[in-house]
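Asker:
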Amino acid sequence: MDHLNCFAQNSFLTLYLVICICAVGVLISAFEWLSMHKHFAAGGLFSWEIRRMGTHSTSFEKLAQWLFSYPNVLILFFIQITATITIFISSTNHILIGSCCLIIALSSILLNFRATEGISGADKMTRLIMIIGSISFFRSTPLVTSAGLIFISLQLILAYCTAGWVRLFVPTWRNGTDLALVLRQHTYSNKFVWSLTKNNKLLLKFVALFILFFECSFLICPLLSSTLFYIYLGCGILFHLSNAFIMGLNSFVWSFLSTYPALIWLHYYITLF
Amino acid sequence: MSIDFPILAFIAVWFIFSILAQLNTPGIHRFDYFKVLPTYKFFSPRPVSKDFCIYIRGVTDDCKDNWTPLFYNKKQWWCFIWNPQLRLSKALNDLFDQLESFRNSADLLHISIPYLILLNSANAQIVLANNQCTHVQFMIGCYEGYNDTRITIIFLSNIHVLEIL
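The listed protein sequences derive, respectively, from chains D and V. Position in the first sequence (first residue = 1) + 7 = our numbering. Position in the second sequence (first residue = 1) + 76 = our numbering.
Here's what the structure looks like:
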C-alpha cells in the first residue's frame, strides 16, 4: 500500500496517470469508431445526411457541413489517436499534455453535436476527465491540479452513488429480477452467464445486493482505513472487469478505472489529516 | 494565484451542477450545450429488458422480399477489450427511444429524425442488395435474449418509394 501511496504524493504524476489510463480508452474507442467507418457514409446508421436537418445555426451549419460529412468526420478520430499517442510520449511537457486533453475533449464534444446515438456513459466520463486534464495541465499549479483530482474523485463517487441509490428503491433490483433481465440479453451478457444464473435466484439476489451495497456505500470509501479502502477499490476493479467480460462494456473499464488514482490521491491526503 | 480562484470556483460550480443533473432538476440540461453534465443512472431505475433488432425488406409491385437484418450484431469473446458492435446496439436503442417520443403524434412520426435515419439506412442497404425493388420497409423487433429468441414486432414502418442514391 505504501507503494500505491508513493505516486499519490505527487499530484501532477497522479493526474498524468489518470489521463494516461483514460487515453487508452480514447484510443480503443477511436479505433472502434474507425472500424465502423462505413456506418458514417451516406446511408449508414451514423451518416450526416439526415442529422444535418436538425442543425439550425447558420455559422455552426457551415462548420458542420464540412467537418461532419463523410469522410471528413473520420479526421476527428485520427486527431484523437494522435493526441493520445502524444500524451503517452510527453510526460513532462504540461502544455502539450493539456493541449492534447483539450483536443480530445473538443473532438468528443463535436462528435456529440453530430450524433448522440451510440455515445455511452463512459464517453461522457472521458470528456469530463479530459476537460479537467486540460485545465489542470495548462494552469499547472498544485492548487488547480488538486482541485482537478478532487473533482474527478467526486465524479466517481457521484456516479456510483447515483446508480446505486436510484436502484436501491426499486424492489426488482433488490431481489435480482432486473439483474436477470440484463443478463438474459445477447447485447449485455453471454450464454454461459445466463445458464449459470437463470435458475439461481439466490445467486442473482446476492450479486444484485452486493453491487447495490458497493455503490451506495462508496460515498464513505475515501474516509475508510487503508485496508478497507483498497478492498473497496479491488471490488470496483472486479466490478468493471466483470462488466467488460460479461456485458462487453469495455470502454467503462478505462474511463472509470482511470479515476481510481485520483481517489487514491484523495484518500492519501484525507488520511494525512 | 489570482487566476487559480476563478478556476476553482468554476470546478466547484461544475460539480454542483453535476449533482443537480442527477436529481432531475428541471431545465438543467437545457443550457448544457457542450454536454458536460453527466447522468449516471446506468440501467436504472429499470433496465432495458430486451434485445432490439432492425430488419429491412425490399418491396416490388408483385411481391415482398424476406426480412433481413440491417446489421448483424454478433458478440465476440474479445468484447472485453474490443466491442464496436455495442455502439451499433446502443445507437439502435437510442433511435428507438427517440422514435417512441413521437408515438402519440403519428403525423410527425414519419418525418422525425430517428425515423428518417432508419429509413435512409434501410434504403441504402436495399439499393445495394437488389435494384429490382421499387419500395422499402423496415421494422424494429425485440426478443427476450437467451430466454426466448422469438421476435416481437414493436414498430413497423410504412412502405416507402425506394430512392436510388
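Quick reminder that beta carbons are idealized off the backbone N, C-alpha and C, glycines included.
1. If we ignore side chains and look at the alpha-carbon of each, how far apart do Q152 (chain V) and A251 (chain D) end up?
2. At 7 Å on the CB atoms, spell out the chain D contacts of V112 (chain V), in chain order.
3. Going along the chain, which residues of its own chain have a beta-carbon closer than 7 Å to the beta-carbon of L103 (chain D), five neighbours each way excluded?
4. Is L83 (chain D) helix, strand or coil by DSSP?
5. If G221 (chain V) and T228 (chain V) are in contact, beta carbons under 8 Å, what's the gap, nearest whole angstrom?
6. Of the choices D:L74, D:S36, D:S66, whose alpha-carbon is the least far from that of S54 (chain D)?
7. Between P114 (chain V) and L117 (chain D), which are expected to be in contact by the criterion C-beta below 8 Å, what is the C-beta distance as a whole number of angstroms?
8. Can P123 (chain V) and V189 (chain D) be called in contact, C-beta distance under 8 Å?
9. Going by beta-carbon coordinates alone, are S262 (chain D) and C29 (chain D) separated by less than 8 Å?
10. Taking the DSSP output, what are the residues bridged to Q208 (chain V)?
11. My parser needs the alpha helix (DSSP H) runs of 4 or more residues fully inside the segment 137 to 207 of chain D; what are they?
12. Whose Cβ in chain D lies nearer than 7 Å to the Cβ of S94 (chain V)?
13. Give the straight-line distance between the Cα atoms of L192 (chain V) and A112 (chain D), rounded to the nearest whole angstrom.
14. Taking the alpha carbon of L78 (chain V) as the point to measure from, which residue in D:T234, D:F199, D:L150, D:Y275 has its own alpha carbon closest?
15. Helix, strand or coil for L113 (chain V) per DSSP?
16. Is the segment 97 to 114 of chain V touching the segment 186 to 206 of chain V, taking contact as three or more C-beta pairs under 8 Å?
17. Tell me which residues share the same chain as I138 (chain D) and place their Cβ nearer than 7 Å to its Cβ, disregarding the 5 neighbours each side in the sequence.
18. For V89 (chain V), list the residues DSSP reports as bridge partners.
19. Quick check: the Cα distance between C107 (chain D) and S141 (chain D), rounded to an integer number of angstroms?
20. To the nearest angstrom, how far is it from the Cα of C155 (chain V) to the Cα of L162 (chain V)?
21. Run the CB neighbour count on R106 (chain V), radius 10 Å, all protein chains shown included, and call it buried at 16 or more, exposed below.
22. Report the rounded CA-to-CA distance for F178 (chain V) versus N142 (chain V), giving the unit in angstroms.
23. By DSSP's criteria, K253 (chain V) is part of a beta bridge. Which residues make up the other side?
24. Which residue marks the beginning of the beta strand (DSSP E) containing T228 (chain V), and which one marks its end?
25. Would E124 (chain D) and L146 (chain V) qualify as a contact pair, given that the criterion is a beta-carbon distance under 8 Å?
26. Do you know how far the Cα of K212 (chain D) is from the Cα of N182 (chain D)?
27. Checking contacts by CB at 8 Å: is F156 (chain V) closer than that to chain D?
28. Using a Cβ-Cβ distance cut-off of 8 Å, determine whether N17 (chain D) contacts chain V.
29. Pop quiz: T266 (chain D) and S160 (chain D) are said to be a contact at Cβ under 8 Å. What is the actual Cβ separation, rounded to whole angstroms?
30. So with CB distances below 8 Å, who are the chain V contacts of R58 (chain D)?
31. Going along chain V, which residues have a C-beta under 9 Å from W201 (chain D)?
32. Looking at the secondary structure, which residues open and close the alpha helix (DSSP H) in which C242 (chain D) lies?
33. Assuming P76 (chain V) contacts S42 (chain D) (C-beta within less than 8 Å), just tell me the rounded distance between them.
34. Assign V25 (chain D) to one of three DSSP states: helix, strand, or coil.
35. For Y131 (chain V), decide whether its Cβ has a neighbour in chain D, counting only Cβ atoms nearer than 8 Å.
Answerer: Per the coordinate set shown:
1. Each residue's Cα considered, the two are about 12 Å apart.
2. Under a criterion of Cβ atoms nearer than 7 Å, the residues of chain D adjacent to V112 (chain V) are, in order, R134, L135, I138.
3. Correct list, in chain order: T93, S97.
4. Helix at L83 (chain D).
5. 13 Å between Cβ atoms; not a contact.
6. Scanning D:L74, D:S36, D:S66 for the CA closest to the CA of S54 (chain D) turns up D:L74.
7. The beta carbons of P114 (chain V) and L117 (chain D) sit about 18 Å from each other, so the pair does not count as a contact at 8 Å.
8. With contacts defined by Cβ atoms closer than 8 Å, P123 (chain V) and V189 (chain D) form a contacting pair.
9. Cβ atoms of S262 (chain D) and C29 (chain D): closer than 8 Å.
10. Answer is none; Q208 (chain V) lacks a bridge partner.
11. With a minimum length of 4 residues, the continuous alpha helix (DSSP H) runs that stay inside the segment 137 to 207 of chain D are 149 to 175, 178 to 181, 184 to 190, 198 to 204.
12. Within chain D, Q162, L165 have C-beta atoms less than 7 Å from the C-beta of S94 (chain V), given in sequence order.
13. Cα to Cα, L192 (chain V) sits roughly 29 Å from A112 (chain D).
14. The sequence as given places Ser at residue 78 (chain V); Leu does not occur at that position. When D:T234, D:F199, D:L150, D:Y275 are compared, the shortest CA-CA separation from S78 (chain V) is found for D:L150.
15. The three-state reading of DSSP puts L113 (chain V) in coil, since its state is none of H, G, I, E or B.
16. Contact annotation: the segment 97 to 114 of chain V does not touch the segment 186 to 206 of chain V, with fewer than three C-beta pairs closer than 8 Å.
17. Answer for I138 (chain D): A112, listed in chain order.
18. DSSP lists no partner for V89 (chain V).
19. Taking the straight line from one Cα to the other gives about 8 Å.
20. CA-CA distance, C155 (chain V) to L162 (chain V), rounds to 9 Å.
21. It counts as exposed.
22. Their Cα atoms are separated by approximately 28 Å.
23. Residue coverage of chain V in this structure runs from 77 to 241, which leaves residue 253 (chain V) outside it and unanswerable.
24. Unbroken beta strand (DSSP E) run through T228 (chain V): 228 to 232.
25. Result no, Cβ atoms of E124 (chain D) and L146 (chain V) do not sit closer than 8 Å.
26. Here the alpha carbon of N182 (chain D) sits roughly 5 Å from the alpha carbon of K212 (chain D).
27. Interface with chain D (8 Å Cβ-Cβ cutoff): F156 (chain V) is included.
28. Residue-level contact by beta carbon fails for N17 (chain D) and chain V, as no gap is shorter than 8 Å.
29. T266 (chain D) to S160 (chain D), Cβ: 7 Å. Contact.
30. Around R58 (chain D), the beta-carbon contacts reaching into chain V at under 8 Å are I189, I193.
31. For the C-beta of W201 (chain D), the chain V residues within less than 9 Å are, from N- to C-terminus, G221, Y222, N223.
32. Its alpha helix (DSSP H) spans residues 233 to 249.
33. For residue 76 (chain V) there is no data in the structure shown, the boundaries of chain V being 77 and 241.
34. For V25 (chain D), the secondary structure class from DSSP, reduced to helix, strand or coil, is helix.
35. No, its Cβ sits nowhere closer than 8 Å to a Cβ of chain D.
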